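Notes follow the structure.
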Amino acid sequence: MLQFDSKHVKNVVLLGHTGSGKTTLAEAMLFESGIINRRGSVEEKNTIADYTDIEHEKGKTLFSKLVNSKWKGYKINMIDTPGYDDLSGEIISAMRVSECGVMLLNARMGVEVGTDIIWQYTNEFKLPVIFAVNQLDHEQADFDKTVTEAKAHFGNQLVIVQYPVKQGPNFNAVIDVLNMVMYQFPSDGGKPEKLPIPDAEKEKAKQLHQELIETIAANDERLMENYFEKGELNEDEMKLGLHHSLINHEIFPVFCVSAKQNMGGGRLMGFIDNVCPSAYEMPPQLTIDNREIPCDEQGKTAIFIYKTVSEPHVGELSFFKVLSGTIKVGDELTNEETGQLEKIMQLFEMEGNKRIAVDELTAGDIGATLKLKNTHTNNTLHEKGFPISIQPIQFPTPTFAMAVEGTKKGEEEKLSAALHQLVEEDPSIIVEVSAELKQTIIHCQGELHMAVIKWKLENTHKLSVEFKKPKVAYRETIQTEAETTYRHKKQSGGAGQFGEISMKIFPITADSEEPKGYPIRGKEEIDLPWGGKLIYYNCIVGGAIDARFHPSILKGVMEKMQEGPLTGSHVQDVGVLVYDGKMHAVDSNDLSFKIAGMMAFKENFVNANPQLLEPIYEVIIVTPDEITGGIMSAIQSHRSMVEGMDAEGHFTKIKALIPIAEMHDFMGTVRSLSQGRAKLSMKFSHYEKVPYEMQQQLIHTFKEELQEV
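Here this note's numbering is used: the first residue of the sequence shown is 349, the next is one more, and so on.
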C-alpha cells in the first residue's frame, strides 16, 4: 500500500447547496484518478458517496462521506457533505478536519440558499475555499451572472482562475488565466487537451490574468514589490501567492467544471495538490488548554474522532484525523476523555461504504477504525506520555423539537437504546427525558433533520413511533393573598388520621417584605429546582401544631407545587405562612399533616388570583434583506416582540422575544418565507403572563385530560 507523508495529503470538504453537484463531482474526481472504473449518478442511485437507503429514497446527500483519491503523487481525502442547514452537524464536523473547501455553485441557479449559510461556517473556521461553478453544460447556465452574484454575497476577493469559452450543451473548453492556456475536453469528458488561447479570447484572458495578479499581489507585500518592479508575476509566484492567501482566508479562486460530463475535475485536483494547503502547512490544532499540536509525523501519536457511524452487523465505525505521529495497527492509545485504553485492531481508508485496510496512517491523514470500546465523537486518543485533549467540535444549538413515543408496549428500552445511538452518531441531536412534561423530546436542527431521525427509528431500528408537538413547560403563580383553614380527618377503625392547619399564601416579588402581624418562629427560603422561590413561615404559637409536623406540611406544599392546581405545571414564587392548627393525641401523624398542607395550599392557590406563566425565548434571526419585512410581520403575528435589528452584509439580524408555544409554527413560517435561507438561534430569556383567554383554554384542556385518565 502506497504511503503518503504529511506534505502530500490534502483534506478537502465538498460544500454547497443541495443539487449543486457535490456528489457528482466526487464521482468524477474518483473516476479521473482511477479509483473507480465507472461513474455512478445520483439519479441511478449508484454513487460511491450516497449509498444509504434513505439517501436513495430522498435523492440527496444526508450524511457526510469520506472518499479518497490518489493523484500525481498526492492523496486527496474528500468529504462529501449535505447541502441543508438542517444537517449542519455533518457539515461542521467535516470542515473541522479539512484544510480546504470546494464550494460548488450551480451555474443555472447562481448563489442558492445553502451556499449563504455554509459560507458563514467557512468564515467561522477561516477555512480556505475554492469556488467551482458547476453545471456549465446546462442550457440555462450563466457563468458571469453566477460569479457576479457570488461576489455580491461573498466579496470581491473571489477571483476568476477559469472561465468557459462556451456555455450550455456545447460547453467543452475553459480558459485558464493562471496558466494562460485553453483546456479543451473530449466529448465524453476526461483529460483535456492543452491549447493556446484563441485570438477571440486573448483580450479577455489578459484582463482577467491581470486582475488575478493584482489580487494576489495586494495580499503579499513581497509579491507586490516584485509586481511593481517587473510589472508581472510568473506562474510560480502566482501559485505561491494563492497558496498563502488561501491559508489566510484572503482569496477565493473560481474554477469551471461540469461534473456530470466529467470536465474540469482533473484540473481542480491538480490545483488542490499544488496550491491548496495540507494540514502540515495550516495553523496547528489547539488543545482545550490552548497548547499547539503541530502536524508532525515524527511526533507522538494522537488522533481526533470527528464522526461515529453505527454499521449494521459490524458495529461502530469511528472516523478520525491523525493529529500527530503515525498510527499503526496494533497501537494502544489512551482516550483522554474516558481514560480507556483502546487497541487499534484495524485501520481503513474509506471509499464511501467500502473499507480499504491499511497498516498505518500518518499525521494529517483521515481514516477510520472499528469497535473501539468506549470512544465517542470529540474524543482524543493518544500514546502513553502524551496527554492531550483537542478542543471539541462545537455543534449548533438545536432549534427544532418534537416529542417521540413508541406506539407498541414493551419497546421502551429499545427506543431508549435507539435514541442513545442516534446521539452517538450525531451530537447535534439532544434527547431530553422530561419528567416535568412526561415526554421524551428530541431537539435537532430542523424538519429535515427530524425526518431523518424518524426514518432511522422506523427503518434502521424497526420501531413504531409517533411524533408530537412538545408540551410547554408553563409555570403557575399567584397575584393576591388567600388564606384558609383545612382539616384532614379520616377514621377507619383503630388509629385514624387527623391534622388541621390555618394557612395564608401570598406572592413573592423581588421587593417583597416580611409578613406583618404574625410572630415568625421559623423561616425556610427554598430556591426551587425549576426556578423561582418558596418561602415557608412557621408562625405557630402556643403549641397548636407540634414543631415535628412542619417538615410534613412543607413536604405536602412542595408536592402540590410540583403539579400545580391550574394545569399541573410547576408553581413558583409563593410565600406560605402557617399560623394556627389543631392536633389529635392519637390520630395526628406526618401523613395527616402532609395531606393537610397539600390541600390547604391547593384551596388557597385557586383563590389567590392564580396566573399561568409561559417561557419566553430570545431568538436571533439572520435573514436576507429582501425578506426582512415578511419576517417582521411573522414575528408580530406570533405574539412576539422585536427587540432590535442590525445589518450584517446582505443580511439583517433581528432580535426578538418569542413565546416557546409559538416557536414551532413560527419556524415553519420563517422557513417558508426564506426558502430556508434564514438562520435561527434561541435561548431561554424569562417567563411572562399568559393572556387570559389562552389561560382559560389551557385550564379547560387540562381538566379534560384529567377526566380521560
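Even glycine gets a Cβ: it sits at the ideal position worked out from N, Cα and C. As the structure is a computational prediction, the values presented were derived from the model and not from experiment.
Can we count residue i as close to the ligand SAM, meaning its CB is less than 7 angstroms from some heavy atom?
i, result
"Pro476", "Looking at this structure, you won't find the ligand SAM or any other ligand, since it has none at all."
If you draw a straight line from the alpha carbon of residue i to that of residue j, how long is it in whole angstroms?
i, j, result
"Gly364", "Lys881", "50 angstroms"
"His809", "Arg386", "33 angstroms"
"Asp679", "Thr725", "20 angstroms"
"Gly700", "Leu543", "36 angstroms"
"Thr649", "Ser441", "21 angstroms"
"Asn425", "Thr728", "20 angstroms"
"Glu824", "Glu753", "27 angstroms"
"Gly891", "Asp921", "28 angstroms"
"Glu1053", "Val905", "23 angstroms"
"Tyr628", "Phe603", "25 angstroms"
"Lys837", "Lys903", "18 angstroms"
"Trp803", "Leu718", "25 angstroms"
"Lys864", "Ile853", "13 angstroms"
"Gln1047", "Lys942", "Going by the sequence as given, residue 1047 is Ile instead of Gln. Straight-line Cα distance between these residues: approximately 26 angstroms."
"Val934", "Gly844", "8 angstroms"
"Val919", "Val954", "12 angstroms"
"Glu497", "Glu583", "28 angstroms"
"Asn937", "Lys1027", "58 angstroms"
"Lys539", "Phe533", "7 angstroms"
"Glu391", "Lys908", "59 angstroms"
Put residue i into one of helix, strand or coil per three-state DSSP.
i, result
"His836", "strand"
"Asn425", "strand"
"Trp878", "coil"
"Val513", "coil"
"Pro534", "coil"
"Gln646", "coil"
"Arg639", "coil"
"Lys702", "strand"
"Arg823", "strand"
"Asn727", "coil"
"His918", "strand"
"Ile975", "helix"
"Phe652", "strand"
"Ile968", "strand"
"Ile595", "helix"
"Phe941", "helix"
"Ile856", "coil"
Out of the options, point me to the one whose CA is closest to residue i's CA.
i, options, result
"Asn504", "Thr563, Leu961, Leu1046 and Leu410", "Thr563"
"Met693", "Gly700, Val522 and Lys676", "Lys676"
"Thr384", "Thr395, Asp464 and Glu391", "Just to set this straight, residue 384 is Ile in the shown sequence, not Thr. When each option's Cα is compared against that of Ile384, the closest is Thr395."
"Gly879", "Gly865, Ile888, His898 and Ile856", "Ile856"
"Phe491", "Lys474, Phe519, Pro476 and Thr470", "Phe519"
"Val1077", "Val509, Phe411, Lys550 and Cys887", "In the structure as shown, the chain starts at 349 and stops at 1057, and residue 1077 therefore has no counterpart that could be examined."
"Gln793", "Val360, Tyr432, Lys418 and Gly388", "Tyr432"
"Ala821", "Val779, Gly388, Tyr1035 and Thr674", "Tyr1035"
"Ser417", "Ile439, Gly847 and Phe352", "Phe352"
"Phe696", "His998, Val415 and Lys393", "Val415"
"Ile979", "Asn886, Lys1001 and Phe533", "Lys1001"
"Cys887", "Gly923, Leu581 and Gly673", "Gly923"
"Trp467", "Ile777, Lys554 and Leu362", "Leu362"
"Ser917", "Phe1050, Val889, Met798 and Met611", "Phe1050"
"Asn458", "Leu475, Glu472 and Phe479", "Looking at the sequence itself, residue 458 is Gly, so the reference to Asn does not match. Selected option, being the one with the closest Cα: Phe479."
Can you check whether the CB of residue j is closer than 8 angstroms to the CB of residue i?
i, j, result
"Ile964", "Ser1022", "no"
"Phe668", "Gly715", "yes"
"Glu951", "Tyr866", "no"
"Ile901", "Ala944", "yes"
"Thr409", "Pro430", "yes"
"Ser988", "Pro972", "no"
"Val360", "Val450", "yes"
"Ser368", "Leu453", "yes"
"Ala1009", "Glu991", "no"
"Lys420", "Asp621", "yes"
"Glu447", "Ser626", "yes"
"Lys816", "Ala751", "yes"
"Lys819", "Leu785", "yes"
"Gly929", "Ile868", "no"
"Cys624", "Leu581", "no"
"Glu806", "Val657", "no"
Counting contacts by CB-CB distance shorter than 8 angstroms, is residue i in contact with chain C?
i, result
"Ile714", "Of the protein chains in this structure there is only one, and it is not chain C."
Problem - Three-pair Cβ contact test at 8 angstroms for the stretch 623-642 versus the stretch 727-743 - result: yes
Problem - Contact between the stretch 578-596 and the stretch 547-562 (3+ Cβ pairs under 8 angstroms) - result: Yes: the two stretches touch, three or more of their Cβ pairs being nearer than 8 angstroms.
Handout entry: Three or more C-beta pairs below 8 angstroms linking the stretch 392-410 and the stretch 366-378
Key = yes
Problem - Segment contact, 8 angstroms Cβ cut-off, at least three pairs: the stretch 484-503 with the stretch 660-674 - result: no
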